[in-house]
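Chemist: Protein sequences appear in the order of chains A and B.
For the first sequence, the numbering used here assigns the number 3 to the initial residue and increments by one for each residue that follows.
For the second sequence, the numbering used here assigns the number 3 to the initial residue and increments by one for each residue that follows.
Glycine residues also receive a C-beta, built at the ideal position from the N, C-alpha and C atoms.
Dropping the structure in here first, questions after.
There are 2 protein chains.
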Amino acid sequence: MDGDKEVKRPPLGSRGQCSKVLAVLKAAGEVFCRDGFAGASIDLIASEAGVSRQTIYNHYGDKERLFLAVLRDMIERSAADLFTLIATFPERPRDLEAELTDFAARYIRSCVCNRRTASLRKMIQREAERFPELFATWRENGPGKAAGTLAACLARLAHSGYLHIDDPDLAARQFIALVGADFQGSCLVDESRPEEEIRASAAAAVRTFLRAFIPAEGAG
Amino acid sequence: MDGDKEVKRPPLGSRGQCSKVLAVLKAAGEVFCRDGFAGASIDLIASEAGVSRQTIYNHYGDKERLFLAVLRDMIERSAADLFTLIATFPERPRDLEAELTDFAARYIRSCVCNRRTASLRKMIQREAERFPELFATWRENGPGKAAGTLAACLARLAHSGYLHIDDPDLAARQFIALVGADFQGSCLVDESRPEEEIRASAAAAVRTFLRAFIPAEGAG
DNA sequence: AGATTATTGGACACCATTGTCCAAACGGTC
DNA sequence: GACCGTTTGGACAATGGTGTCCAATAATCT
């Protein structure tokens, strides 16, 4: 683009340490997410990674294998993020509504409006028919695991008397749905949302959720 | 595919009445939804529509204009479907929960799991960056309009004393989110769902919604 | 330094696709 | 039957992409 091919790339390299593989993985992720599998071109990925096209073929052999490697990597990262997020779920909250709202806001930030997560979700949905097993892997490690572990968290809260929940799995799915209510379709094209909007949305979702699942005042 | 090129196509035609334009529009819709804009080929569309490639260029001139025409058509249909659906919202229900559940099930069938609707949604999300104005049009006539008119329906129910709702727009978004909770990600690859599953999901969503928005028993 | 390995750029064959042009065949209409 | 607009198939150039081969070059290891 800016003609940095002729300057014999002095600032590019320090090659060897970070191994170009990472650069390829990163660039390929961006290009694939932007243009899809069919629309992405190896040449563009190579140039965006500051790497020769041949290097890509040396390491991955194939456009399809490169794609799968990229997706596997992204799914893995995303699952890790999700794990650390769920670990912050309140266990013995002093102010249930406030702490649940904080958690919901964190969830929105890292699982709904987050750039990487949204790109990955869009990508998977886009290519779900071409790579079904990939879709299944994502479902298990992403939304599926989120719902499952969240259900366990909610069940603990219910067991401690904070909530009244018959079906924790259902409640978890509904919690996730409510929390994502305001951003479902919108974060696909414009992913940066003001912090206040996120907090307001989280608060509204938690308020409704609690109205549905808080134990009745006079009941046991 | 099956060699019907040499049989001088006797069963194909009765041309003139349905004007090949419709066949092209239909086939193009399917191919575009399946393969996306970049992945779809004019040749495939032509052959799937039983039409010469040149005919497509005669009518639409361009792949991009064909794409836009197809999308406009699909958005229009989808909006019409949505309109007739919302018209069935219960106004003075005898059994609120039952009638709301029926409505929710209809909504799932025609707006969440419906093949055409799901394909369109996927398509729009996929190409949102390439055709932003299209995305905006869809948002206004699709989810946006759904939330708006549903909010009016809910406000009427609240005004009649069936529900207690502070913010009808928010309630509408949450209703839609709850109703779609079980199918959000799943209907993108396998859209046919058993009727019982739809009914159960609708019932669960409405139950939670009503627990959150039903007037308190002893309160005004 | 010498050997080994990764990387590079460039040329190449191959293929699919877009969009154009055109002459021939075909559809109704008068 | 003659006329006019549409449709058709096929040929065509141009483009852009994939994947391969290879010789030269740079980095790393011993």
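#1: Would you mind giving the Cβ-Cβ distance between I110 (chain B) and L165 (chain B), rounded to the nearest angstrom? I have them listed as a contact below 8 Å.
#2: Could you check whether the segment 169–179 of chain B touches the segment 137–152 of chain B, counting it as contact only if at least three pairs of C-beta atoms, one from each stretch, sit closer than 8 Å?
#3: Going by alpha carbons, who is nearest to F85 (chain A) out of A:A160, A:G146, A:D168 and A:A202?
#4: So, using beta-carbon positions, are A42 (chain B) and R213 (chain A) closer together than 8 Å?
#5: Is the segment 110–121 of chain B touching the segment 129–139 of chain B, taking contact as three or more C-beta pairs under 8 Å?
#6: Within a Cβ cutoff of 7 Å, which residues of the same chain sit near K10 (chain A), ignoring the five residues on either side of it in sequence?
#7: Measure the alpha-carbon distance for G222 (chain B) versus R108 (chain A) and round it to whole angstroms.
#8: Determine whether the beta carbon atoms of A207 (chain A) and A183 (chain A) lie at a separation below 8 Å.
#9: At a cut of 8 Å, does the segment 50–68 of chain A reach the segment 99–107 of chain A through at least three beta carbon pairs?
#10: Give a single yes or no on whether R117 (chain A) has its beta carbon closer than 7 Å to a heavy atom of the ligand GDP.
#11: So, are the CB atoms of D2 (chain B) and L27 (chain B) less than 8 Å apart?
#12: Taking only three categories from DSSP, how would you classify N60 (chain B)?
#13: For a cutoff of 8 Å on Cβ pairs, would you count L226 (chain A) as touching chain B?
#14: Beta-carbon within less than 7 Å of P92 (chain A)'s beta-carbon, same chain only, minus the 5 sequence neighbours each way: which residues are those?
#15: Can you give the beta carbon distance from I88 (chain B) to N143 (chain B), rounded, assuming they're within the 8 Å contact cut?
#16: Give me the Cα-Cα distance between D45 (chain A) and F211 (chain B), rounded to the nearest whole angstrom.
#17: Taking Cβ to Cβ, would you say L68 (chain B) is nearer than 8 Å to A25 (chain B)?
#18: Specify the secondary structure class of I126 (chain A) as computed by DSSP and reduced to three states.
#19: Please state whether DSSP places F215 (chain B) in a helix, a strand or coil.
#20: Name, going along the chain, the residues of the segment 143–172 of chain A whose beta-carbon falls closer than 7 Å to a beta-carbon of chain B.
#21: So for D4 (chain A), helix, strand or coil by DSSP?
#22: How far does the alpha helix (DSSP H) with V181 (chain A) in it extend, from its first residue to its last?
#23: For Q127 (chain B) and K124 (chain A), what's the separation of their Cα atoms in angstroms?
#24: What does a CB cutoff of less than 8 Å around T90 (chain B) pick up in its chain, not counting 5 residues either side in sequence?
#25: Pull up the distance between the alpha-carbon of F34 (chain A) and that of D168 (chain A), whole angstroms please.
#26: Using a beta-carbon distance below 8 Å, is G41 (chain B) in contact with chain A?
#27: Mind checking which residues open and close the alpha helix (DSSP H) that includes D45 (chain A)?
#28: Run through chain B and tell me which residues come within less than 9 Å of D97 (chain A), C-beta to C-beta.
#29: Could you tell me whether the Cβ atoms of V181 (chain B) and A204 (chain B) are closer together than 8 Å?
#30: By alpha-carbon positions, which one of A:R79, A:S21, A:R158 and A:S80 ends up nearest to A51 (chain A)?
#31: S162 (chain B) and R55 (chain B) - do their beta-carbons sit closer together than 8 Å?
#32: When the Cα atoms are used, what is the spatial distance from Q1 (chain B) to A120 (chain B)?
#33: R17 (chain A) by DSSP, collapsed to three states: which one?
Modeler: The relevant details are as follows:
#1: Between L165 (chain B) and I110 (chain B) the Cβ distance is about 21 Å, and since that is not below 8 Å, they are no contact.
#2: Here the segment 169–179 of chain B lies against the segment 137–152 of chain B, with 3 or more beta-carbon pairs under 8 Å apart.
#3: Closest by alpha carbon: A:G146.
#4: In this structure, R213 (chain A) does not lie closer than 8 Å to A42 (chain B) by Cβ.
#5: Too few Cβ pairs lie closer than 8 Å, so no.
#6: Its pLDDT being 31, under 50, K10 (chain A) is placed unreliably in this model, and the coordinates cannot settle the point.
#7: Because the pLDDT of G222 (chain B) is 45, which lies under 50, any placement of that residue in the model is unreliable, and the number read from its coordinates should be weighed accordingly. G222 (chain B) and R108 (chain A) have their alpha carbons spaced roughly 36 Å apart.
#8: Yes, the Cβ-Cβ distance between A207 (chain A) and A183 (chain A) is below 8 Å.
#9: The way I'd put it, the segment 50–68 of chain A doesn't touch the segment 99–107 of chain A; fewer than three beta-carbon pairs between them come closer than 8 Å.
#10: Ligands in the displayed structure: none, and consequently the ligand GDP is not present.
#11: The displayed coordinates of chain B run from 3 to 222. Any statement about residue 2 (chain B) would go beyond what the structure contains.
#12: Look at N60 (chain B) here: in three-state DSSP terms it is helix.
#13: Absent from the structure is residue 226 (chain A), since the part of chain A shown begins at 3 and ends at 222.
#14: Cβ neighbours of P92 (chain A) beyond the five flanking positions: E101, L102 and F105.
#15: Beta-carbon to beta-carbon, I88 (chain B) and N143 (chain B) are separated by about 13 Å, too far to satisfy the 8 Å threshold.
#16: A direct Cα-Cα distance of roughly 51 Å separates D45 (chain A) from F211 (chain B).
#17: The answer is no: Cβ separation not under 8 Å.
#18: I126 (chain A) falls in the helix class under three-state DSSP.
#19: Helix, per DSSP.
#20: Under the 7 Å Cβ criterion, the segment 143–172 of chain A contributes P145 and L172.
#21: Since pLDDT at D4 (chain A) reaches only 38, below the 50 mark, its modelled position is unreliable, and the value read off the structure follows with that caveat. D4 (chain A): coil per DSSP, three-state reduction.
#22: Taken as a continuous stretch (DSSP letters only), the alpha helix (DSSP H) holding V181 (chain A) covers P170 to V181.
#23: If you take the alpha carbons of Q127 (chain B) and K124 (chain A), they lie about 8 Å apart.
#24: Hits under 8 Å: F105 and R108.
#25: Inter-residue distance for F34 (chain A) and D168 (chain A) is about 42 Å (C-alpha atoms, whole angstroms).
#26: It does; some Cβ of chain A falls within 8 Å.
#27: Going by DSSP, D45 (chain A) is part of the alpha helix (DSSP H) stretching over I44 to A51.
#28: The premise fails here: D97 (chain A) is roughly 20 Å from chain B at the closest Cβ pair, so nothing lies under 9 Å.
#29: For V181 (chain B) and A204 (chain B), yes; Cβs fall inside 8 Å.
#30: The option with the nearest alpha carbon to A51 (chain A) is A:S21.
#31: No, they are not a contact pair.
#32: Summary: the structure shown does not reach residue 1 (chain B), with chain B confined to residues 3 through 222, and so no result is reported for it.
#33: For R17 (chain A), the predicted structure reports a pLDDT of 44, less than 50, and the residue's modelled location is therefore unreliable. The matter cannot be settled from this model.
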